[in-house]
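Trainee: Chains D and U, in that order, give the protein sequences. Read in order, the letters of the first sequence are residues 2 to 429 in this note's numbering. Read in order, the letters of the second sequence are residues 2 to 429 in this note's numbering.
There are 2 protein chains.
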Amino acid sequence: MQSSTILLPQSDLPLVVVIGAGFGGIELVRYLPSDRFRVLLIDRNNYHTFQPLLYQVAIGGLEPDSVAYPVRKIFSGRKNFYFRLTEVTGIDLKTKQVSTSIGVTGYDYLVIATGSKANFFGMDDVKNNSISLKSVTDALDLRSLVLQNLEAALLTDNIQDREALLTMAVVGGGPTGLETAGALAELTKHVFYKDYPELDTGKMKVWLIEAGSELLGAMSARSQKASGKFIRDLGVHLLLNVSVKKYDGYTIVLSNGETIDCRTVIWSAGVTGNILPSFPPELTEKGRIKTDDCNRVIGAENCFALGDVAGLTSAGLPRGYPMLAPVAKQQGKQLAKNLVAIQDGKAPVPFHYTDKGTMATIGRAKAVLDFKKFHLHGFLAWTGWLFIHLMYLVGFRNKIIVLVNWMWNYIRYDSAIRLIIRPYRKPR
Amino acid sequence: MQSSTILLPQSDLPLVVVIGAGFGGIELVRYLPSDRFRVLLIDRNNYHTFQPLLYQVAIGGLEPDSVAYPVRKIFSGRKNFYFRLTEVTGIDLKTKQVSTSIGVTGYDYLVIATGSKANFFGMDDVKNNSISLKSVTDALDLRSLVLQNLEAALLTDNIQDREALLTMAVVGGGPTGLETAGALAELTKHVFYKDYPELDTGKMKVWLIEAGSELLGAMSARSQKASGKFIRDLGVHLLLNVSVKKYDGYTIVLSNGETIDCRTVIWSAGVTGNILPSFPPELTEKGRIKTDDCNRVIGAENCFALGDVAGLTSAGLPRGYPMLAPVAKQQGKQLAKNLVAIQDGKAPVPFHYTDKGTMATIGRAKAVLDFKKFHLHGFLAWTGWLFIHLMYLVGFRNKIIVLVNWMWNYIRYDSAIRLIIRPYRKPR
Numbered sequence: 002m003q004s005s006t007i008l009l010p011q012s013d014l015p016l017v018v019v020i021g022a023g024f025g026g027i028e029l030v031r032y033l034p035s036d037r038f039r040v041l042l043i044d045r046n047n048y049h050t051f052q053p054l055l056y057q058v059a060i061g062g063l064e065p066d067s068v069a070y071p072v073r074k075i076f077s078g079r080k081n082f083y084f085r086l087t088e089v090t091g092i093d094l095k096t097k098q099v100s101t102s103i104g105v106t107g108y109d110y111l112v113i114a115t116g117s118k119a120n121f122f123g124m125d126d127v128k129n130n131s132i133s134l135k136s137v138t139d140a141l142d143l144r145s146l147v148l149q150n151l152e153a154a155l156l157t158d159n160i161q162d163r164e165a166l167l168t169m170a171v172v173g174g175g176p177t178g179l180e181t182a183g184a185l186a187e188l189t190k191h192v193f194y195k196d197y198p199e200l201d202t203g204k205m206k207v208w209l210i211e212a213g214s215e216l217l218g219a220m221s222a223r224s225q226k227a228s229g230k231f232i233r234d235l236g237v238h239l240l241l242n243v244s245v246k247k248y249d250g251y252t253i254v255l256s257n258g259e260t261i262d263c264r265t266v267i268w269s270a271g272v273t274g275n276i277l278p279s280f281p282p283e284l285t286e287k288g289r290i291k292t293d294d295c296n297r298v299i300g301a302e303n304c305f306a307l308g309d310v311a312g313l314t315s316a317g318l319p320r321g322y323p324m325l326a327p328v329a330k331q332q333g334k335q336l337a338k339n340l341v342a343i344q345d346g347k348a349p350v351p352f353h354y355t356d357k358g359t360m361a362t363i364g365r366a367k368a369v370l371d372f373k374k375f376h377l378h379g380f381l382a383w384t385g386w387l388f389i390h391l392m393y394l395v396g397f398r399n400k401i402i403v404l405v406n407w408m409w410n411y412i413r414y415d416s417a418i419r420l421i422i423r424p425y426r427k428p429r
Numbered sequence: 002m003q004s005s006t007i008l009l010p011q012s013d014l015p016l017v018v019v020i021g022a023g024f025g026g027i028e029l030v031r032y033l034p035s036d037r038f039r040v041l042l043i044d045r046n047n048y049h050t051f052q053p054l055l056y057q058v059a060i061g062g063l064e065p066d067s068v069a070y071p072v073r074k075i076f077s078g079r080k081n082f083y084f085r086l087t088e089v090t091g092i093d094l095k096t097k098q099v100s101t102s103i104g105v106t107g108y109d110y111l112v113i114a115t116g117s118k119a120n121f122f123g124m125d126d127v128k129n130n131s132i133s134l135k136s137v138t139d140a141l142d143l144r145s146l147v148l149q150n151l152e153a154a155l156l157t158d159n160i161q162d163r164e165a166l167l168t169m170a171v172v173g174g175g176p177t178g179l180e181t182a183g184a185l186a187e188l189t190k191h192v193f194y195k196d197y198p199e200l201d202t203g204k205m206k207v208w209l210i211e212a213g214s215e216l217l218g219a220m221s222a223r224s225q226k227a228s229g230k231f232i233r234d235l236g237v238h239l240l241l242n243v244s245v246k247k248y249d250g251y252t253i254v255l256s257n258g259e260t261i262d263c264r265t266v267i268w269s270a271g272v273t274g275n276i277l278p279s280f281p282p283e284l285t286e287k288g289r290i291k292t293d294d295c296n297r298v299i300g301a302e303n304c305f306a307l308g309d310v311a312g313l314t315s316a317g318l319p320r321g322y323p324m325l326a327p328v329a330k331q332q333g334k335q336l337a338k339n340l341v342a343i344q345d346g347k348a349p350v351p352f353h354y355t356d357k358g359t360m361a362t363i364g365r366a367k368a369v370l371d372f373k374k375f376h377l378h379g380f381l382a383w384t385g386w387l388f389i390h391l392m393y394l395v396g397f398r399n400k401i402i403v404l405v406n407w408m409w410n411y412i413r414y415d416s417a418i419r420l421i422i423r424p425y426r427k428p429r
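Set out below in structure tokens:
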């Protein structure tokens, strides 16, 4: 019944196929003139995910619906725009065809904006037994796992088992790891002791394990120092200069030989480009797709890569741009202009990143913020963090709902959404 | 590692085991004096579900988190209260023991408050291919299925297939069926045409199929007439005096021999007591547990049934009390008093239901309301419906979030939460 070609209305306009509705893909489509191009946007979800707030879904501070936004609604009323909910199964750069689970499409321009995925550095046991925070389902899985382990702790009379069920470890001291560890520490302190009076929740431990010598490696020394103090004040057990070597679901083995019994491990120790399995490996390097400084994939015609998955070579950055939402958004906007230029036979303009600063929040009223030579930490940085995240959240309804939830959580010391709607089960 | 007995702190107080955290179970525990009884509440979810608003989760008007509330939070700070997240696997009324997936517990008093489940009248094909709205996961499944069928409609060039994917049928013209059909009709009218400009959403059809000669069989003739007009005005195709005989996932076969090709069927044509498989069938009748007018299970000692699952015999009602939240809540409150009386060696007081009226809403600003001799329909009844549902919703945060969403949906004609977070797959 399904045709093998993805059905689109006829048109003479060139067809841009965009894979991925993340920050980069959405921004590109937003700035592409709808009277110059047809756009086919493909994603395996029917929504855009606001990844920076996923950890708040995991800790029950926000509904999943607040950090996701339907793609069709973003581009409601836009001409020559088509969205398809499917997964890409193959890319043929020579015949210019993309295969998906619902059929094949040709393209005039192909944009790969598939983002990044967790990097487990080949450790399959860690991959199979820990949760990373890259999707809404990840966040809901973590929420369920934390609560399931608390319920399970009620059922055992073995003291070591109970403590392992009450122990959580966050691996990786970047912004996501720091934010997650801080939020978990606050949950144990302000919420769980009320919900689980039968448990000695004073025995709940949150570990934060960072391989480098400082938290927030990409930020200023002042922010690193401040964040270390904030996270220790929250009662998080901080380990620096050690990495995780093994995790079988029960015991973490560290690089210094020490071990931690622990049933909840959150992995945020590294990301790598989310390169489609069917993409030619010779066009990739260090987990990203090789591109020139105009996002053109080197070695392919009319093919572009954007954001986390793109490794821009000529920028003088040995490891490419940082994998951040602002980089992806700025590249998306620039690529929209460049596609118009290329279509008009003009030269595209190389990408330059405007660094608008970086920030991370720790716990309920602390944050660190770097902006060029300017550093801020504490309550004021936190209000800045709140404001900026609210501002960038897609959709006015979502902004209101998030604001209500944040006010509630702040006033009541209560992340209220402690529901196990679909129990977490380990992937096979 | 897990002991075969559910671990509870030692105490001399009598132990009340309550199965089910629905309206009846929650109300019972709320009114049981915490210094007279220990309570072990068992549910397969860690939250209480506000079932009357599940259909709004299904149509994307509310987040699932808004209609569910953590059980532990309801009873936060309560003494001698224990909650266990598990399923009951067996009941031995002679030895007074309840078996669960996490172990066995004895009891002094057992209260069965397991509510109701959809009644498919033995039609397994209908059961396997339709969705009923009894749980948060049901509601999310329906939300996903409606959106998945719209996405699938984009992929076929067969006109009949496409129309079947765009057709939805609600079976059963009680409050839930009416509310769901009305909300789906509004979605097609105000929302989907914007999201799916490629589809002729004018071809989307919503059927409402009722076996009786009127909608809202339990309400007044005036309300029945008004609701029929309201639902037709919304464009719903109303079929009265016919029932569904078969549904294979593709085609509905009606009792008059006619058929409807349709890929989304919502079943709300009947409910029956949710009797645990391990409960002795000789103590049940017509899908409910036989009790006297004090909720005591006839033929068992110190065992009680509450709400939808309880068939009170001596009330002069041949089919028992209606399966409604207010009945369950009033019985819960009364049983709390009766358990104290029984424990004190006094006689329990028979249950009498105070009917506070019934209501149903149809679409975005219409409702019908019966209160004794008083009937109201239209906008005023709708504001009454909103107010009462907000009032009874558990939790202040939930009330605010629901209010914000309702205001948003009303002003913007937009049920914003159109996310397929976990795709619906047919149960095997």
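All C-beta atoms, glycine included, are put in the ideal place defined by N, C-alpha and C.
1) So, helix, strand or coil for L185(D), using DSSP?
2) L200(D): which of N159(D), S228(D) and K338(D) sits nearest, CA to CA?
3) So which residues of chain U does F379(D) contact, with C-beta pairs closer than 7 Å?
4) Under 8 Å between C-beta atoms, does I418(U) make it to chain D?
5) Within the stretch 146–230 of chain U, note down every full alpha helix (DSSP H) run reaching 4 residues or more, in order along the chain.
6) Along the chain, where does the alpha helix (DSSP H) that runs through M360(U) open and close?
7) Can I103(U) be considered in contact with the ligand PLP, in the sense that its beta carbon sits closer than 7 Å to one or more heavy atoms?
8) To which residues does DSSP link N98(U) through a beta bridge?
9) Tell me whether I421(D) is buried or exposed, calling it buried when 16 or more other Cβ atoms sit within 10 Å of its Cβ.
10) Can at least three beta-carbon pairs, one atom from the stretch 45–54 of chain U and one from the stretch 357–364 of chain U, be found at a separation below 8 Å?
11) Got a sec? Which residues, its chain only, sit under 7 Å from T157(D) by beta carbon, not counting five neighbours each side?
12) Please list, in chain order, the chain D residues whose beta carbon lies closer than 7 Å to that of K138(U).
13) Along the stretch 145–165 of chain D, what residues have a CB closer than 9 Å to any CB found in chain U?
14) Looking at the C-beta of N431(D), does it have a partner C-beta in chain U at a distance below 8 Å?
15) Please identify, using Cβ separations under 8 Å, the residues of the stretch 71–98 of chain D that lie next to chain U, in order along the chain.
16) Kindly give me the distance between the Cβ atoms of M487(D) and D356(D), rounded to whole angstroms, as I take these residues to be in contact under 8 Å.
17) Mind checking if L8(U) is an interface residue toward chain D, Cβ cutoff 8 Å exclusive?
18) Use the C-beta contact count for M205(U): other C-beta atoms within 10 angstroms, 16 or more gives buried, fewer gives exposed.
19) Looking only at its own chain, which residues have a Cβ that is under 6 Å from the Cβ of A366(U), when we skip the five neighbours before and after it?
20) Quick one: residues in its chain with C-beta nearer than 6 Å to the C-beta of V127(D), no 5 flanking neighbours on either side, listed in chain order?
21) From the DSSP output, read off the bridge partner residues of P71(U).
22) Anything in the stretch 196–219 of chain D with a Cβ closer than 9 Å to a Cβ of chain U? List those residues in chain order, please.
23) Under the rule that 16 or more other beta-carbon atoms within 10 Å means buried, what is M2(U), buried or exposed?
24) So Y48(D) packs on Y70(D), CB below 8 Å; how close in whole Å?
25) Using a Cβ distance threshold of 8 Å, determine whether the stretch 238–247 of chain D contacts the stretch 95–113 of chain D, with at least three qualifying pairs required.
26) In three-state DSSP terms, what is I40(D)?
27) State the Cα-Cα distance for the pair L343(U) and G25(U), rounded to the nearest angstrom.
28) To the nearest angstrom, report how far apart S77(D) and K97(D) are at their CA atoms.
29) In chain order, which continuous runs of the beta strand (DSSP E) of length 3 or greater are located wholly inside the stretch 327–414 of chain U?
30) Report yes or no: is there a C-beta of chain D within less than 8 Å of the C-beta of R264(U)?
31) Which residues in the same chain as L167(U) place their Cβ atom closer than 6 Å to its Cβ, once the five residues preceding and following it in sequence are excluded?
32) Using only the alpha-carbon positions, how far apart do K74(D) and P282(D) sit?
33) Once DSSP output is grouped into helix, strand and coil, what is the label at E430(U)?
34) Compare the C-beta of V405(D) with all C-beta atoms of chain U and state if any pair is closer than 8 Å.
35) Measuring only between beta-carbons, confirm whether I401(U) sits less than 8 Å from chain D.
36) Sorted by chain position, which residues of the same chain lie with C-beta nearer than 7 Å to E187(D)'s C-beta, five sequence neighbours on each side aside?
Mentor: Checking against the coordinates, here is how it stands:
1) In the first sequence, residue 185(D) corresponds to position 184, counting from 1. Reduced to three states, the DSSP call for L185(D) is helix.
2) Taking the first sequence and counting its residues from 1, one reaches residue 200(D) at position 199. Closest option to L200(D), Cα to Cα, is N159(D).
3) Counting from 1 along the first sequence, the entry for residue 379(D) is found at position 378. According to the sequence displayed, residue 379(D) carries Gly and not Phe. Under the 7 Å cutoff, chain U gives no residues; its nearest Cβ is about 27 Å from G379(D).
4) Residue numbering aside, residue 418(U) sits at position 417 when the second sequence is read from its first letter. Taking Cβ atoms only, chain D reaches closer than 8 Å to I418(U), which makes this a yes.
5) 160–166 and 176–188
6) Residue mapping note: residue 360(U) aligns to position 359 of the second sequence, counting from 1. Where M360(U) is concerned, there is no enclosing alpha helix (DSSP H), although the beta strand (DSSP E) it sits in stretches over T359 to I363.
7) For the ligand PLP, the structure offers nothing, since it holds no ligand at all.
8) Here residue 98(U) refers to the residue found at position 97 of the second sequence. It is Gln, not Asn, that sits at residue 98(U) in the sequence shown. According to DSSP, Q98(U) bridges with D93(U) and G107(U).
9) The residue given as residue 421(D) occupies position 420 in the first sequence. The residue in question, I421(D), is buried, as its Cβ has 16 or more Cβ neighbours within 10 Å.
10) no
11) Within the first sequence, numbered from 1, the residue matching residue 157(D) stands at position 156. R163, listed in sequence order.
12) Residue 138(U) sits at position 137 when you count from the first residue of the second sequence. The sequence shown places Thr at residue 138(U), not Lys. Residues of chain D passing the Cβ test: I422 and R423.
13) L148, Q149, E152, A153, L155, L156, T157, D158, N159 and D162
14) Given that chain D is displayed from residue 2 to residue 429, the structure contains no residue 431(D) and the question cannot be resolved.
15) P71, R73, K74, S77, G78, Y83, R85 and L86
16) Chain D is shown only over 2 to 429; residue 487(D) falls outside these bounds and no answer can be derived.
17) Start at 1 with the first residue of the second sequence, and residue 8(U) comes out as number 7. Yes - at least one Cβ of chain D is within 8 Å of the one on L8(U).
18) Position 204 of the second sequence, counted from the first residue, corresponds to residue 205(U). Per the 10 Å Cβ criterion, buried.
19) Within the second sequence, the letter at position 365 stands for residue 366(U). F380 and W383.
20) Working through the first sequence from its first residue, we reach residue 127(D) at position 126. F121 and Y248, listed in sequence order.
21) Within the second sequence, the letter at position 70 stands for residue 71(U). Per DSSP, Y48(U).
22) D196, Y197, P198 and E199
23) Counted from its first residue, the second sequence places residue 2(U) at position 1. For M2(U), the predicted model reports a pLDDT of 37, less than 50, meaning its position is unreliable and no value from the coordinates is stated.
24) The residue given as residue 48(D) occupies position 47 in the first sequence. The residue given as residue 70(D) occupies position 69 in the first sequence. Going by Cβ atoms, the distance from Y48(D) to Y70(D) rounds to 6 Å, so yes, they are a contact pair.
25) no
26) For the purposes of this step, residue 40(D) is taken as the residue at position 39 of the first sequence. In the sequence as presented, Ile is not what sits at residue 40(D); that position holds Val. Strand at V40(D).
27) For the purposes of this step, residue 343(U) is identified with residue 342 of the second sequence, where counting begins at 1. For the purposes of this step, residue 25(U) is identified with residue 24 of the second sequence, where counting begins at 1. As written in the sequence, residue 343(U) is Ile, which differs from the Leu given in the question. Their backbone Cα atoms lie some 19 Å apart in a straight line.
28) Indexing the first sequence from 1 puts residue 77(D) at position 76. Indexing the first sequence from 1 puts residue 97(D) at position 96. Straight-line Cα distance between these residues: approximately 28 Å.
29) 359–363, 367–372 and 375–379
30) Here residue 264(U) corresponds to residue number 263 of the second sequence, with the count starting at 1. No, no contact with chain D.
31) As a working note, residue 167(U) is residue 166 in the second sequence. Cβ neighbours of L167(U) beyond the five flanking positions: A154, K204 and M205.
32) Along the first sequence, one-based indexing puts residue 74(D) at 73. Along the first sequence, one-based indexing puts residue 282(D) at 281. Approximately 35 Å, taken between the alpha carbons.
33) Examination of residue 430(U) is not possible in this model, given that chain U is present from 2 through 429 alone.
34) Here residue 405(D) refers to the residue found at position 404 of the first sequence. For V405(D), the answer is yes, since a Cβ of chain U falls inside 8 Å of its Cβ.
35) Within the second sequence, numbered from 1, the residue matching residue 401(U) stands at position 400. At least one chain D Cβ lies under 8 Å of I401(U).
36) Within the first sequence, residue 187(D) is the residue found at index 186, counting from 1. Cβ within range, chain order: L235, G364 and R365.
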